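Quick note on numbering: the numbering used here labels position 16 of the sequence shown as 293, and the sequence is numbered without any gaps.
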Amino acid sequence: MRKGQKSSNKGIENFLCPFTDMYISQDSGGAYSHKGIMANDVRGVQAGVRYPYYAPCTCKCLKTYPITGQVMWQSVNKVRFANGRIDYATFITAHDDTMDVKIGQVIKQGKQIGNMGIKGNATGVHCHIQVSQSSDTSWIKNQYGNYRFNHEYDLNDCYFVDDTNIIKGNDKKWRTTKDITVKEVSVNNIEIVDQILHVGSKVKFDGIFKVDILKSPLSTNLFGNIKLTGVSYDEYYHESAKAYHWIPLDDFTEVDKYGSSKNQDDIVVGGKSYVINKNIYTVKKIDVKTNSAQLELNGRDIWVYSTYLYEV
Ligand SMILES: [Zn+2]
């Protein structure tokens with residue numbers, strides 16, 4: 278792709294190759310750091326140069342790993358991949374010595390998301406990239422000690438190489454958006470939103486959340502979640518968390534840790550059960566300092582991190 282390039286069809290963004298020039302210095306599978314994983318190491322025209330790379334789709338920073346210059350990104354909406362699948366993209370970029378993205382930050386398709394680098398003991402300047410065609414963010418160590426997603430695809434099945442200069446593509450079948458027949462899809466439900474929360478924004482919870490602690494007596498139907506509110510287990514445990522840090526369980530459904538509600542007994546257990554919430558809420562207040570939003574759930578005001586909400 279080119280800097281600033283945008284590409285979509287029928288309201289769905291095409292997942293583009295983030296590099297203007299692509300020289301694959303280490304392919305998927307094989308030995309060492311890519312054994313058992315679908316990852317490419319990519320450098321640019323000249324070895325040793327920290328070329329920039331761009332957002333393949335409009336995406337949100339989910340996690341950062343400063344020691345390795347690594348970022349986990351996820352598309353804000355479903356995207357179209359080079360193999361024709363339409364789903365969320367969750368992807369990793371690594372070795373950026375200049376990494377300054379913040380968790381929760383949303384970057385529009387075509388804007389710069391990093392620079393090739395050597396952070397984390399990389400051999401030569403490059404970007405390590407790995408793509409999952411799913412919203413599942415599980416990041417698992419395999420038997421060779423390399424991390425992978427549950428739904429990884431090889432990179433030529435993930436990104437369209439429109440306007441990417443392929444210097445070394447390892448004879449794989451790389452596709453451009455012209456190679457894919459776009460099926461008719463409904464765009465009625467797709468609304469353009471900026472993902473910056475304000476008072477009055479309509480939001481949904483983004484993710485699967487563990488019930489860290491249940492409030493007793495159980496009849497109050499409240500739970501604590503460290504990820505969502507930042508309040509520690511200890512504070513919940515000793516009941517010193519303020520009223521608004523307890524979250525009413527009523528609008529949440531029990532699921533397994535992958536989000537499936539199959540075989541769940543709906544008996545939620547603290548420290549064990551996972552829940553999701555598909556309702557839409559209105560932001561009542563914003564706290565910029567803690568990057569939190571106040572929502573009303575079942576008549577109770579709670580503060581949750583904006584990172585785990587997305588605007589709809
Ligand atoms: Zn690599």
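We put the beta carbon where it would ideally sit given N, CA and C, even for glycine. Note that the coordinates shown come from a computational prediction; the quantities given were computed from them, not determined experimentally.
Worksheet item: What distance in whole Å lies between the Cβ atoms of VAL402 and GLY394, which are believed to be in contact at a cut-off of 8 Å?
Response: 6 Å
Worksheet entry | SER569 beta carbon less than 7 Å from that of VAL488 | no
Worksheet item: What residue from ALA308, THR297 and ARG362 has the CA that sits closest to TYR330's CA?
Response: THR297
Practice prompt. My understanding is that GLN386 touches CYS334, with C-beta atoms under 8 Å, so please give their C-beta distance in whole angstroms.
Written response: 5 Å
Worksheet item: Between THR584 and ASN354, what straight-line distance do the alpha-carbon atoms span, to the nearest angstrom?
Response: 15 Å
Practice prompt. Within 10 angstroms of the Cβ of PRO343, are there 16 or more other Cβ atoms? Answer buried if so, exposed if not.
Written response: exposed
Discussion item. Going by DSSP in three states, HIS311 sits in which element: helix, strand or coil?
Written reply: helix
Item to complete: Taking SER285 as the reference, give the member of THR453, GLN351 and LYS479 with the closest Cα.
Response: THR453
Fill in: Helix, strand or coil at LEU432 [DSSP, three-state]
helix
Worksheet entry | ASN554 and ASP528 closer than 7 Å at C-beta | yes
Practice prompt. Consult DSSP for LEU574 and reduce its assignment to one of helix, strand or coil.
Written response: strand
Worksheet item: If you compare alpha carbons, which of THR530, TYR309 and TYR558 is closest to VAL545?
Response: THR530
Worksheet item: Can you tell me whether DSSP reads LEU505 as helix, strand or coil?
Response: helix
Worksheet item: Should ALA308 be listed as close to ligand 1, given that the test is whether its C-beta is under 6 Å from any heavy atom?
Response: no
Fill in: Coil, strand or helix - SER284 by DSSP
coil
Worksheet entry | For TYR424, the residue or residues it bridges with in DSSP | LYS418
Item to complete: From the DSSP output, read off the bridge partner residues of HIS405.
Response: ASP318 and ALA371
Worksheet item: In the DSSP assignment, what residue or residues form a beta bridge with TYR587?
Response: LYS481
Fill in: Contact set for VAL476: own chain, Cβ-Cβ below 7 Å, skip 5 residues either direction
VAL560, LYS561, LYS562 and ILE563
Fill in: For LYS487, the residue or residues it bridges with in DSSP
TYR551
Worksheet item: Taking the beta strand (DSSP E) that ASP511 falls in, what are its first and last residues?
Response: Looking at the DSSP string, ASP511 is not in any beta strand (DSSP E); the run it does join, the alpha helix (DSSP H), is 510 to 514.
Worksheet item: Is the CB-CB distance between HIS405 and ALA308 below 7 Å?
Response: no
Worksheet item: Quick one: what's MET299 bridged to in DSSP?
Response: ILE443
Practice prompt. Find out if the Cβ-Cβ distance for the pair SER409, PHE426 is shorter than 7 Å.
Written response: yes
Worksheet item: Fully enclosed by the stretch 526 to 550, which beta strand (DSSP E) runs are 3 residues long or longer?
Response: 530 to 532
Discussion item. Give me the residue from ILE289, TRP580, ILE314 and MET349 with the minimum Cα distance to ALA359.
Written reply: ILE289
Worksheet item: In the DSSP assignment, what residue or residues form a beta bridge with TRP350?
Response: CYS338 and PHE368
Worksheet item: Taking the beta strand (DSSP E) that PRO329 falls in, what are its first and last residues?
Response: 329 to 331
Worksheet item: What's the gap between the Cα of THR441 and the Cα of ARG279?
Response: 7 Å
Discussion item. Taking the alpha-carbon of SER537 as reference, which of GLY484, GLY548 and HIS522 has the nearest alpha-carbon?
Written reply: GLY484
Item to complete: Identify, in the order they occur along the chain, each residue of the same chain with its Cβ nearer than 7 Å to the Cβ of ARG327, setting aside the five sequence neighbours on each side.
Response: ASN392, MET393, GLY394 and VAL402
Discussion item. Could you tell me the alpha carbon to alpha carbon distance between ILE301 and MET376, rounded to whole angstroms?
Written reply: 22 Å
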